[in-house]
Amino acid sequence: MDKDHTPMVARRQKFRCFFAQRNDYLIFVGIPLVQPRGWDQVLALEKDTLVAANLRAYRIEDVRSWVVAYPDTGEIVDAENLFAPMPVGVCSIKGETLPLPKFTSNDLERGRILVKIRHGKSSTHAKNSAYYSTSLTNISSGKIRCNSFGGYRNTKEGFKLFTVTDTLFSASQFEEWYGVRRGGWIEPGETVSDPSNYGRGCVWVYHCETSQGIKFCVGDKSPSIGIVGAFLKHFRRRPRSNAA
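If you count by our numbering, then the sequence shown holds residues 180 to 423, one letter each, in order.
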């Protein structure tokens with residue numbers, strides 16, 4: 180096996196990426212390392228060592244269980260060998276009942292006048308084609324924010340929501356997943372990104388508004404999965420979008 184494709188190299192790259200992101204993730208390792216029964220929060224990465232409070236250090240190659248979560252919602256971003264109980268506040272993706280705005284393909288097309296959507300390679304899952312990054316760039320002259328979003332299937336009856344929670348994701352989830360600050364406002368020319376997106380065969384739709392209160396939506400198809408991704412999708416966790 181190519182040394183650059185070993186699981187340990189992939190894990191090391193993953194931690195480096197998480198610590199480099201603007202999201203301020205919560206990162207925990209299972210302790211004791213051999214037979215973990217509890218969790219210790221790590222605060223820094225020094226070469227190949229995860230460092231917790233009071234300089235407690237854990238070599239990446241020795242860690243068996245770990246979890247990365249968003250700082251505010253506590254929702255899990257990524258994990259390996261999870262066990263109960265979870266760290267306090269850490270949880271799976273949460274759903275909440277939100278209004279389902281009606282829209283058409285023409286509405287999504289008009290939204291692209293204000294927002295540019297791009298999909299690319301996932302920096303947190305560089306060797307796993309089931310994951311990808313999604314970036315939104317505000318190409319308008321004013322601030323915008325996302326009030327809700329989700330994956331849809333385009334059917335003969337119109338767009339049908341198809342997510343893991345069966346609900347739209349909220350504005351606070353958008354802020355966390357895409358690393359947005361300032362109450363969710365995206366400045367003109369600013370790009371925000373989710374480096375760990377997943378869910379294929381769907382249309383990602385973002386229900387937004389301008390700083391003048393004008394509501395609009397914008398969307399784009401998720402990237403095609405390819406042969407390797409089609410194999411890997413059977414072994415990955417359930418996607419944010421149920422579409423496959």
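Glycine residues also receive a C-beta, built at the ideal position from the N, C-alpha and C atoms.
Note down, in chain order, each residue of its chain lying with its Cβ closer than 6 Å to the Cβ of residue i, except the 5 sequence neighbours on either side.
i	result
Gly329	Leu340, Thr342, Leu347, Phe348
Phe207	Trp218, Gln220, Val246, Pro266
Gly363	Arg324, Ala350, Glu354
Phe194	Leu224
Leu293	Ser319
Asn202	Gly358
Gly274	Thr344, Thr346
Gly408	Any reading at Gly408 needs caution, since the residue's pLDDT is 42, under 50, leaving its predicted position unreliable; the model's value is listed next. Only Ser308, Ala309 meet the Cβ criterion.
Glu389	At residue 389 the sequence reads Thr, which differs from the Glu that was named. The residues are Gly321, Ile323.
For residue i, tell me which candidate among the options has the shortest Cα-Cα distance.
i	options	result
Leu315	Ser372, Gly299, Gly274, Lys335	Ser372
Gly268	Phe194, Lys400, Tyr204	Tyr204
Gly398	His298, Gln200, Glu240, Ala199	His298
Arg191	Gly321, Cys270, Thr303, Thr370	Thr303
Cys196	Ser390, Asp227, Ile365, Gly337	Asp227
Arg238	Val213, Tyr249, Pro250	Val213
Pro186	Ser327, Pro250, Ala305	Ala305
Asp257	Gly392, Thr389, Pro374	Pro374
Gln169	Lys322, Val384, Ile365	The question about residue 169 has no answer here: the residues shown for the chain are numbered 180 through 423.
Ala236	Thr344, Thr252, Glu259, Ile210	Ile210
His386	Ser308, Ala248, Leu279, Lys273	Leu279
Gly380	Gly337, Glu336, Tyr331	Tyr331
Asn326	Lys335, Glu240, Leu234, Phe395	Phe395
Thr370	Ala309, Ala248, Ile296, Ser308	Ile296
Gln352	Val242, Leu234, Tyr249	Tyr249
Phe338	Glu288, Thr389, Ile393, Val384	Val384
Would you call residue i buried or exposed, if buried means 16 or more other Cβ atoms sit within 10 Å of its Cβ?
i	result
Ser301	buried
Arg216	exposed
Gly378	buried
Pro264	exposed
Thr313	buried
Gly368	exposed
Gly290	buried
Ala199	exposed
Going along the chain, which residues of its own chain have a beta-carbon closer than 7 Å to the beta-carbon of residue i, five neighbours each way excluded?
i	result
Leu261	Ser244, Val246
Leu222	Val230, Ala231, Ala232
Asn333	Val382
I'd like the list of long-range same chain contacts for residue i, defined as Cβ closer than 8 Å, with 5 residues on each side in sequence excluded.
i	result
Thr276	Thr346
Tyr311	His298, Gly299, Lys300, Ser301, Asn376, Tyr377, Ser401, Pro402
Ser271	Glu254, Ile255
Arg417	Residue placement at Arg417 cannot be trusted, given a pLDDT of 37 that sits under 50; what the coordinates show is reported in the next sentence. Excluding residues within five positions, the ones whose Cβ falls inside 8 Å are Val343.
Glu366	Asn317, Lys322
Glu240	Met187, Asp227
With a cut-off of 7 Å, does the C-beta of residue i fall near any C-beta of chain D?
i	result
Phe282	Absent here is chain D; the protein component of the structure consists of one chain.
Are the segment 281–292 and the segment 354–361 touching by the rule of at least three beta carbon pairs closer than 8 Å?
no
Enumerated in chain order, which unbroken segments of the beta strand (DSSP E) with a length of 3 residues or greater are wholly contained in the segment 342–409?
370–377, 382–389, 394–400
Please go through the segment 243–323 and give each complete alpha helix (DSSP H) segment of 4 or more residues, from N-terminal end onward.
284–290
Within the segment 182–233, ranges of the alpha helix (DSSP H) (whole runs, at least 4 residues)
Segments of the alpha helix (DSSP H) lying fully in the segment 182–233: 186–199.
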